[in-house]
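Residue numbers (the working numbering), protein chains in the order written: chain A, 299 to 574; chain B, 90 to 358.
The next block holds one structure in the form of structure tokens; read it before the comments.
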Amino acid sequence: MILPYVIFFLAFVAYPLTFSIILVFHRWNIVTPMEWIGLKNFERLLDDPLFFISLKNTLVFLGIHIPLQIIVALGFALLLNAKIRGRGLFRALYFMPVVVSGVVVTILWQQMYSYDYGVLNSILHALGLGPVPWLVDALVAMPAIAVMATWKNVGIYIVLFLAGLQTVPRELYEAARVDGATPARQFFHITLPLLNPTVVVIIVLSTIGGFGLFIEPYVLTGGGPMQSTLSGMLYIYNQGFYFSHMGYAATLGIVYAVIILLVVLVQRKVVEREPE
Amino acid sequence: MKSLLRYGVLIVGAVVFAYPFAWMIAGSFRPELEIGELGLWSRHYTLQSYDMVFSKIPIGRAFLNSLIVSCATTVSVVLFGSMAGYALARLRFIGSRALYVLILFTMMIPFQIVLIPQYILMVKLGWTDSYLGLIAPTMLSAFSIVLFRQFFLAIPQGLIDAARIDGATELTILFRLIWPLSRPVIVTVAILTFMTSWNEVLWPLLVVRDQSLMTMPQIVTLFTIGGGSEAHLGSLLSAATLLAFPVIVAYAFFQRYFIESMASTGIKG
Numbered sequence: 299m300i301l302p303y304v305i306f307f308l309a310f311v312a313y314p315l316t317f318s319i320i321l322v323f324h325r326w327n328i329v330t331p332m333e334w335i336g337l338k339n340f341e342r343l344l345d346d347p348l349f350f351i352s353l354k355n356t357l358v359f360l361g362i363h364i365p366l367q368i369i370v371a372l373g374f375a376l377l378l379n380a381k382i383r384g385r386g387l388f389r390a391l392y393f394m395p396v397v398v399s400g401v402v403v404t405i406l407w408q409q410m411y412s413y414d415y416g417v418l419n420s421i422l423h424a425l426g427l428g429p430v431p432w433l434v435d436a437l438v439a440m441p442a443i444a445v446m447a448t449w450k451n452v453g454i455y456i457v458l459f460l461a462g463l464q465t466v467p468r469e470l471y472e473a474a475r476v477d478g479a480t481p482a483r484q485f486f487h488i489t490l491p492l493l494n495p496t497v498v499v500i501i502v503l504s505t506i507g508g509f510g511l512f513i514e515p516y517v518l519t520g521g522g523p524m525q526s527t528l529s530g531m532l533y534i535y536n537q538g539f540y541f542s543h544m545g546y547a548a549t550l551g552i553v554y555a556v557i558i559l560l561v562v563l564v565q566r567k568v569v570e571r572e573p574e
Numbered sequence: 090m091k092s093l094l095r096y097g098v099l100i101v102g103a104v105v106f107a108y109p110f111a112w113m114i115a116g117s118f119r120p121e122l123e124i125g126e127l128g129l130w131s132r133h134y135t136l137q138s139y140d141m142v143f144s145k146i147p148i149g150r151a152f153l154n155s156l157i158v159s160c161a162t163t164v165s166v167v168l169f170g171s172m173a174g175y176a177l178a179r180l181r182f183i184g185s186r187a188l189y190v191l192i193l194f195t196m197m198i199p200f201q202i203v204l205i206p207q208y209i210l211m212v213k214l215g216w217t218d219s220y221l222g223l224i225a226p227t228m229l230s231a232f233s234i235v236l237f238r239q240f241f242l243a244i245p246q247g248l249i250d251a252a253r254i255d256g257a258t259e260l261t262i263l264f265r266l267i268w269p270l271s272r273p274v275i276v277t278v279a280i281l282t283f284m285t286s287w288n289e290v291l292w293p294l295l296v297v298r299d300q301s302l303m304t305m306p307q308i309v310t311l312f313t314i315g316g317g318s319e320a321h322l323g324s325l326l327s328a329a330t331l332l333a334f335p336v337i338v339a340y341a342f343f344q345r346y347f348i349e350s351m352a353s354t355g356i357k358g
């Protein structure tokens with residue numbers, strides 16, 4: 299019964315893991331024989347400005363995406379967490395971008411971000427503000443992608459926050475009101491601490507997802523302008539499948555995996571609170 | 090007054106999240122000149138853009154490919170995932186505990202590590218440009234096994250013992266007794282797997298170069314960046330609509346299941 303999994307595990311988990319550890323010590327273009335080069339791949343990585351740029355870009359993405367996601371998701375969850383007509387419908391509409399392919403979402407936002415015809419610049423124009431070169435300016439492009447990714451994923455996190463809010467006991471709010479606590483104080487002293495597990499889950503999930511950022515820059519900007527949207531995943535893809543640097547791409551993969559695990563560990567340490 | 094404000098924000102939100110899709114679908118039927126406008130209506134709805142997509146890329150074939158890949162993946166994950174989940178929940182065998190820990194551990198491996206070697210494996214096996222290459226690496230998922238195991242643990246042991254006394258094999262017990270009781274978890278795993286598989290684009294980009302084997306998201310991606318659309322916005326929107334359509338229809342019917350399934354992925358941290 300467990301046999302199919304064992305076969306699957308050996309072929310598609312254990313073998314690739316082992317092989318990637320072998321790969322990092324080699325130079326290989328998949329056609330000619332592998333060449334042992336010791337730690338050269340790691341030396342090269344430390345000397346590779348593009349690696350650091352891709353790491354910085356990914357961190358910029360996460361730095362905007364995660365807080366934005368939490369704020370927007372929590373805001374909508376709080377609004378929905380009341381006696382509301384059509385609550386199911388609202389939730390279903392907010393969730394729609396989650397189920398649709400990232401390619402579709404990217405095509406839509408490509409239009410919205412269009413410099414000359416996009417909705418966003420039309421709205422800005424109506425407000426008397428200048429057009430923003432969303433995807434052309436190296437400073438704006440990555441934040442623009444982070445906003446788009448938030449739009450795509452926030453539905454899941456609204457649902458998670460809603461589930462979290464249901465677990466907050468009503469009596470706590472009543473007691474707080476009797477004590478004369480303002481709604482703001484109630485939020486910061488009751489709601490937020492009790493939602494801590496949900497916040498941790500959201501941060502961890504969007505960090506792992508964010509390090510996998512690929513299709514959005516691939517379609518939208520190809521990593522530009524001036525490498526400003528070259529994400530870690532896109533860089534691994536380019537090294538492996540564009541330049542056929544298999545050994546180096548595998549090295550990047552391992553280094554990124556270690557970075558992801560470290561980031562998640564640090565986040566948990568910082569954000570997670572013991573339940574009181 | 091306060092509730093008015095609440096509804097106001099919620100409605101603005103609904104427009105922000107849903108209107109682009111309405112615009113996309115409407116735009117795919119509108120003549121090129123009108124698409125730039127923000128409205129949805131037109132007196133001149135046309136299938137022009139669709140004609141263009143169908144003549145430029147084999148999108149019908151891509152639809153079929155995606156359907157084959159997603160269905161095969163889903164059947165495999167439900168079948169083998171539930172077998173493994175049952176074994177871990179209900180059978181005693183040497184190393185079962187260790188195996189479960191191992192499965193939990195594999196869930197934490199970032200896919201960045203295995204991507205390159207998995208691709209190389211496909212090349213070595215000669216599975217690039219084949220359905221096998223698209224399907225094989227996703228035929229099982231650790232997460233589905235964990236979900237199945239969790240659900241099966243709650244099924245009363247008495248039922249299973251009774252079936253065993255009647256001489257049922259473990260596979261009969263799983264498929265005849267457990268499966269009918271496990272609709273919720275089967276639906277969850279099936280929806281998650283199908284959706285992920287349907288929307289997957291990185292892996293097909295790697296293993297398939299032959300246009301006749303490309304999946305929907307892959308061919309639409311290449312159509313978008315490869316200039317096949319020749320700046321013809323309508324054809325882009327029709328390609329995107331064709332890609333999104335099956336998921337949107339399925340979502341319209343089963344949205345509750347979709348939302349619950351996706352939410353369950355967040356429960357594990």
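Idealized CB from N, CA, C, for every residue including glycine.
- Between residue 259 (chain B) and chain A, the shortest Cβ-Cβ separation is below 8 Å.
- Residue 379 (chain A) is positioned such that its CB atom lies no closer than 8 Å to that of residue 545 (chain A).
- Using a Cβ-Cβ cut-off of 8 Å, residue 481 (chain A) does not count as an interface residue toward chain B, since no Cβ of chain B sits closer than that to its own.
- The beta-bridge partner set that DSSP reports for residue 325 (chain A) consists of A:333.
- When the beta-carbon positions are compared, residue 126 (chain B) and residue 322 (chain B) stay at least 8 Å from each other.
- Under the Cβ criterion of 8 Å, residue 107 (chain B) is counted among the residues facing chain A.
- Looking at the backbone, the Cα of residue 108 (chain B) and that of residue 449 (chain A) are separated by about 12 Å.
- The C-beta separation of residue 405 (chain A) from residue 188 (chain B) comes to about 43 Å, leaving the pair out of contact by the 8 Å criterion.
- Per DSSP, the continuous alpha helix (DSSP H) segment holding residue 410 (chain A) begins and ends at 400–410.
- Residue 403 (chain A) has its alpha-carbon roughly 38 Å from the corresponding atom of residue 324 (chain A).
- The beta carbon of residue 348 (chain A) sits closer than 8 Å to those of 525, 528, 533, all from its chain and outside the five residues before and after it, given in chain order.
- Here the alpha carbons of residue 246 (chain B) and residue 359 (chain A) stand approximately 49 Å from one another.
- Taking 8 Å as the cut-off, the Cβ atoms of residue 261 (chain B) and residue 353 (chain B) do not count as close.
- The C-beta of residue 165 (chain B) has 16 or more other C-beta atoms within 10 Å across all chains shown, which makes the residue buried.
- When C-alpha distances from residue 372 (chain A) are compared across A:560, A:492, A:460, A:506, the shortest belongs to A:460.
- If only complete runs of 4 or more residues are kept, the region 359–433 of chain A shows the alpha helix (DSSP H) at 385–397, 400–410, 417–424, in order along the chain.
- Proximity to residue 211 (chain B) across B:222, B:268, B:197 peaks at B:222, based on C-alpha coordinates.
- Pairwise C-beta distances place the region 492–500 of chain A in contact with the region 462–473 of chain A, as three or more of them are shorter than 8 Å.
- In summary, residue 310 (chain B) is buried, with 16 or more beta-carbon neighbours lying within 10 Å of its beta-carbon over all protein chains present.
- Under a 10 Å Cβ-count criterion, residue 415 (chain A) is classified as exposed, with fewer than 16 other Cβ atoms of the shown protein chains found around its own Cβ.
- The C-beta separation of residue 554 (chain A) from residue 530 (chain A) comes to about 5 Å, placing the pair in contact by the 8 Å criterion.
- One alpha carbon belongs to residue 515 (chain A), the other to residue 443 (chain A), and they sit about 7 Å apart.
- Check the Cα spacing between residue 430 (chain A) and each of A:334, A:437, A:419, A:472: the tightest is with A:419.
- Here the alpha carbons of residue 203 (chain B) and residue 226 (chain B) stand approximately 10 Å from one another.
- With fewer than 16 other Cβ atoms inside 10 Å of its own Cβ, residue 183 (chain B) counts as exposed.
- Given a length threshold of 4 residues, each whole run of the alpha helix (DSSP H) inside the region 502–551 of chain A is given here in chain order: 513–518, 530–535.
- Taking C-beta atoms under 8 Å as the contact rule, residue 364 (chain A) and residue 497 (chain A) fail to qualify, at a distance of about 10 Å.
- At the C-beta level, residue 287 (chain B) and residue 159 (chain B) come within 8 Å of one another.
- With its beta carbon less than 8 Å from one in chain A, residue 195 (chain B) belongs to the interface.
- Linking residue 330 (chain B) to residue 181 (chain B) through their CA atoms gives a straight-line distance of about 49 Å.
- For the pair residue 329 (chain A) and residue 313 (chain B), the CB atoms are not nearer than the 8 Å cut-off.
- Contact residues of the region 107–130 of chain B toward chain A are 107, 109, 110, 112, 113, 116, 124, 125, 127 (C-beta to C-beta distance below 9 Å).
- A:311 is the residue among A:422, A:453, A:311 whose C-alpha sits nearest the C-alpha of residue 198 (chain B).
- Not a single C-beta of chain A is nearer than 8 Å to the C-beta of residue 346 (chain B).
- Burial check for residue 308 (chain A): the Cβ neighbour count within 10 Å stays below 16, so the residue is exposed.
- Only residues of its own chain outside the window of five on either side were considered, and among them 452 have a CB closer than 6 Å to the CB of residue 370 (chain A), listed in chain order.
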